[in-house]
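Written below as structure tokens is the structure these notes are about.
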Amino acid sequence: MYWEPERECMAREDLEQLQLERLQSTLYRVGTHVPFYRKKFDELKFNYDDVRSLDDIRRLPFTEKQDLRSNYPYGLFAIPLRDVVRVHSSSGTTGLATVVGYSRNDIRTWSNLVGRVLTAAGVTNNDVIQIAFGYGLFTGGFGLHYGAERIGASVIPISAGNTKRQIQIMQDFKTTALVCTPSYALVMAAAMMEMGVNPNGLSLRFGLFGGEPWSEAMRTEIHEKLGITATDNYGLSEVMGPGVAGECQQCNGLHINEDHFLLEVVDPVTLEPVAEGEVGELVITTLTKEAFPMIRYRTRDLTRFIPEPCACGRTMKRMQRVMGRSDDMLIIKGVNVFPIQIEKVLFEVEGTEPHYQIIVERENHTDKVTVLVEVVEAIFFDEMKKQRQIVDHIKARLAAELGVSVEVKIVEEKSIERSMGKSQRVIDKRKI
Amino acid sequence: MLKIRNLDAGYGKLRVLKNISLHVKAGEIVTMIGANGAGKTTLLHTIIGLVRASAGAIEFQQKEHTGSCAQKIVAAGCTLVPEGRQVFASMTVEENLILGGYMLQRREGKDAVLRELQYQYDLFPVLRERREQYAGTLSGGEQQMLAMGRSLMSRPRLVMMDEPSTGLAPLIVREIFKIITRLRDEGNTVLLVEQNATAALGIADRGYVLEVGKVILQGPAADLLANSDVQRAYLGREKIG
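Line order of the protein sequences matches chains X and S. Take any residue in the first sequence, note its place counting from 1, add 2, and you have its number in the numbering used here. Take any residue in the second sequence, note its place counting from 1, add 23, and you have its number in the numbering used here.
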């Protein structure tokens, strides 16, 4: 099922023509309407009239989160405020909030692109969709909401939180599709167990997850615990919100809405493009945004392009699920460590829960990493010797995966704080 | 059907078109709107081969046509309804139409031209009524229809129209635009250059906004109609803000 087959399945050659046309008019608009970009272009002696191919974009500088902050609140808007119909703010996971705006057309585009993502994930106008993303300034709730309404699904705008009520409504309203963060899906699954609700008795069929990195093992776990097809979708408020990319039911990578976004994957250190299919940092340029165009925004999200065509028939290129953030990357004794690697190992160890926290400290000028892992009750109250064994096992597996040794501590179930939204996985106490 | 990449063109040292990229797909009405002097006519003349491109590429029907002479691209199925009709005033309506069929006659013979003539009379009944009349005696609207019919006589794949609404009464404009819509519905492809942005965006599938030789906006016609810049600059609508 496609929402806009003429676009989602368009010939690559036609897509490139469309991208170039849109890039050229976007650069014209930011170059004339946004002082920040005009200044940058002038400094570089960059003339947007000279952009003759998509690769020419590499001659432009990156836009960083800091640029959004220094132009707070409206400095990067490309249209007058009277034509802006909506203002959102980034979730501020990593510091000061940033402000983004939408024109009437932007909202329409947004709805359509999320409509594509939902349709690709299997949602139709027959579905009852429970949106457990936060509404308000966060783009997640509204983005999914608009897309779901656009395709005609029945929307329950429940927003985040109040897990018991979520489950009650899911039962009573016969919810067929759930939208939330993947970690919250597991929180719900656990709460169902507690409430004595059998997930197999629910009408739930699809789960669309986003907002934080997650692993393949987590997908399997969600699938097993809730009995649903779990797909990933990607977006960030700086470029639009949800709707940038989403998985089809093949569940093997997210189709990028390339007719609206130009994506690059660059090496986070050298900032040069990586070889096709290599992991790097995602950089996004918007091609159709009116109110808040973005040129080469450094997302800090780590991913790679999947060059092979997908069996679903979409021609839009895929990216792998986000594997972590380039600024989340921990440098432990000089080794690059991503939290997602730790998560992957924990999922493979019998008896551990998918909840963990990584604490980084510095003792005697040496980095020390402790991973707190929740284990099932049976193990926690088991004899010391067995506990010892499991700790050693996890340690050995982590050392092999990360290439650096870490401490492991097991903790009781539910002793790590649960989040309704994005989980805080890393606590870095180092003062450098 | 038509793909243009990074086109530059002008007259002498004057660079009129700057890095224009656009495309037209089969079965679409694509409109190019813009003020006087934006380069709309120059663009059409560059596509048809009357003005030479100084850079960029024009691809028509998967074939490179940059720098081709007018005969070649016309033979490939691209035709232009010129601005200001330019009918042959001292010839009759029917003579004008038959003249427009010379490519068809060369390709398929005289009978095909006569069949096509009947088709044009069905499309523009008023031309049948006036077929013995000198073209110079027609009203502006009728001349526009004649100019369109004359171009369509060659059974083109792409019809380009330069300001078909110029100097016509609103009622006639509506009729002309209805006919353009009908052409699209019958499978024709149209590139429509217009100053009358409301009317053009009203019937088009997609649009491009040209300003001083550059495409400054493009997108679905409905989006352009809703765009405030377009509303202010081309639709004469100013919101009180």
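C-beta atoms are modelled at their ideal positions from N, C-alpha and C, and glycine is treated no differently. Please read these numbers as outputs of a predicted model, since none were measured by experiment.
If you follow the beta strand (DSSP E) that residue i is part of, which residue opens it and which one closes it?
i: Lys346/X; result: Careful: Lys346/X lies outside any beta strand (DSSP E), inside the alpha helix (DSSP H) at 341 to 350.
i: His257/X; result: 256 to 258
i: Tyr50/X; result: Tyr50/X -> no beta strand (DSSP E), and no H or E assigned at all.
i: Leu175/S; result: Not the beta strand (DSSP E): Leu175/S falls in the alpha helix (DSSP H), residues 163 to 175.
i: Tyr231/S; result: 229 to 234
i: Thr189/S; result: Note, Thr189/S: premise wrong, no beta strand (DSSP E); not H, not E.
i: Asp252/S; result: Premise fails: Asp252/S lies in the alpha helix (DSSP H), 251 to 257, not in any beta strand (DSSP E).
i: Ile381/X; result: Premise fails: Ile381/X lies in the alpha helix (DSSP H), 379 to 382, not in any beta strand (DSSP E).
i: Ser44/S; result: 37 to 47
i: Leu215/S; result: 212 to 217
i: Val53/S; result: 52 to 57
i: Glu292/X; result: Premise fails: Glu292/X is in no beta strand (DSSP E) and is neither H nor E.
i: Gly33/S; result: 25 to 34
i: Pro243/S; result: 237 to 243
i: Ala232/X; result: 231 to 238
Starting from the Cα of residue i, find the closest Cα among the options and give me that residue.
i: Arg88/X; options: Arg9/X, Thr183/X, Ser239/X, Ala134/X; result: Ser239/X
i: Leu25/S; options: Met183/S, Tyr34/S, Glu209/S; result: Met183/S
i: Leu127/S; options: Leu37/S, Ile81/S, Glu186/S, Ala98/S; result: Ala98/S
i: Tyr76/X; options: Phe38/X, Val267/X, Tyr30/X; result: Phe38/X
i: Glu217/S; options: Ile203/S, Asp208/S, Pro187/S; result: Pro187/S
i: Pro159/X; options: Lys176/X, Ile131/X, Gln173/X; result: Ile131/X
i: Leu194/S; options: Glu165/S, Val213/S, Val74/S; result: Glu165/S
i: Lys237/S; options: Ser177/S, Gly57/S, Ala256/S, Gln84/S; result: Gly57/S
i: Ile297/X; options: Glu409/X, Tyr30/X, Glu151/X; result: Tyr30/X
i: Tyr1/X; options: Asn73/X, Glu23/X, Thr65/X; result: Outside the displayed range of chain X (3 to 434) lies residue 1/X, so it cannot be described from this structure.
i: Ala193/X; options: Glu218/X, Leu289/X, Lys166/X; result: Lys166/X
i: Phe135/X; options: Asp129/X, Val101/X, Glu214/X; result: Glu214/X
i: Glu249/X; options: Leu188/X, Phe211/X, Asp174/X; result: Phe211/X
i: Gly62/S; options: Lys48/S, Ser77/S, Ala227/S, Leu233/S; result: Leu233/S
i: Ile81/X; options: Ile334/X, Asn128/X, Val32/X; result: Val32/X
i: Arg54/X; options: Asp44/X, Ser27/X, His35/X, Tyr74/X; result: Ser27/X
i: Ser113/S; options: Arg207/S, Arg154/S, Ala223/S; result: Arg154/S
i: Met168/S; options: Arg197/S, Arg75/S, Lys48/S; result: Arg197/S
i: Pro1/X; options: Gly245/X, Asp52/X, Thr65/X; result: Here chain X has residues from 3 to 434 only, and residue 1/X is not among them.
i: Leu67/S; options: Gln254/S, Ile43/S, Leu122/S; result: Ile43/S
How far does the alpha helix (DSSP H) with residue i in it reach, from first residue to last?
i: Met12/X; result: Here Met12/X belongs to no alpha helix (DSSP H), and DSSP marks it neither H nor E.
i: His395/X; result: 386 to 404
i: Thr160/S; result: Note, Thr160/S: premise wrong, no alpha helix (DSSP H); not H, not E.
i: Ala80/X; result: Segment: none, Ala80/X is in no alpha helix (DSSP H) and carries neither H nor E.
i: Asp145/S; result: 133 to 146
i: Lys67/X; result: 67 to 72
i: Leu1/X; result: As shown, chain X starts at 3 and ends at 434. That puts residue 1/X outside it, with no answer to give.
i: Gly225/S; result: 220 to 226
Just mark residue i as buried or exposed, buried being the case when its beta carbon has 16 or more other beta carbons within 10 Å.
i: Tyr34/S; result: exposed
i: Glu15/X; result: exposed
i: Val104/S; result: buried
i: Ser162/S; result: exposed
i: Glu278/X; result: exposed
i: Gln143/S; result: buried
i: Phe79/X; result: buried
i: Arg61/X; result: exposed
i: His367/X; result: exposed
i: Thr160/S; result: exposed
i: Arg229/S; result: buried
i: Arg427/X; result: buried
i: Thr354/X; result: buried
i: Trp5/X; result: buried
i: Met197/X; result: exposed
i: Val176/X; result: The sequence given here places Lys at residue 176/X; Val does not occur at that position. The residue is exposed, with fewer than 16 neighbouring Cβ atoms inside 10 Å.
i: Met386/X; result: exposed
At 3 residues or longer, and completely inside the segment 82 to 149 of chain X: list those beta strand (DSSP E) runs for me, N to C. 88 to 91, 101 to 104, 130 to 133
Counting only Cβ-Cβ distances shorter than 8 Å, please list the residues of the segment 237 to 261 of chain S near chain X, keeping chain order. Result list: Lys237, Val238, Ile239, Leu240, Gln241, Gly242, Asp246, Ala249, Asn250, Ser251, Asp252.
Members of the segment 115 to 135 of chain X that neighbour chain S once the beta carbon cut-off is set at 8 Å: none
Interface residues of the segment 27 to 45 of chain S facing chain X [CB-CB below 8 Å]: Arg28, Asn29, Lys41, Asn42, Ser44, Leu45
Closer than 9 Å between beta carbons: that is the criterion. Which residues of the segment 98 to 115 of chain X meet it against chain S? Ser105, Arg106, Asn107, Arg110, Thr111
Residues of the segment 383 to 413 of chain X whose Cβ lies closer than 8 Å to any Cβ of chain S, in chain order: none
Chain S contacts made by the segment 56 to 89 of chain X, where a contact means CB separation under 9 Å: Ile81, Pro82, Leu83, Arg84, Asp85
Jot down the residue ranges of each uninterrupted beta strand (DSSP E) in the segment 140 to 218 of chain X, minimum 3 residues, whole runs only, in chain order. 156 to 158, 179 to 182, 208 to 211
Taking Cβ-Cβ distances below 9 Å as the criterion, which residues of the segment 289 to 314 of chain X are in contact with chain S? Thr290, Glu292
For the segment 4 to 27 of chain X, enumerate the residues whose C-beta is nearer than 8 Å to any C-beta of chain S, in chain order. So the close ones are Asp16, Gln19, Leu20, Leu22, Glu23, Arg24, Gln26, Ser27.
Alpha helix (DSSP H) runs contained entirely in the segment 70 to 131 of chain S, provided each spans 4 or more residues: 93 to 98, 116 to 123, 125 to 131
Tell me which residues of the segment 142 to 153 of chain X have at least one Cβ-Cβ distance to chain S shorter than 9 Å, keeping chain order. Listed by position, the residues of the segment 142 to 153 of chain X near chain S (Cβ gap below 9 Å) amount to none.
Which residues, in order along the segment 35 to 46 of chain X, keep a beta-carbon less than 7 Å from a beta-carbon of chain S? none
Check each residue of the segment 255 to 269 of chain X: if its Cβ is closer than 8 Å to any Cβ of chain S, include it; give the result in chain order. none
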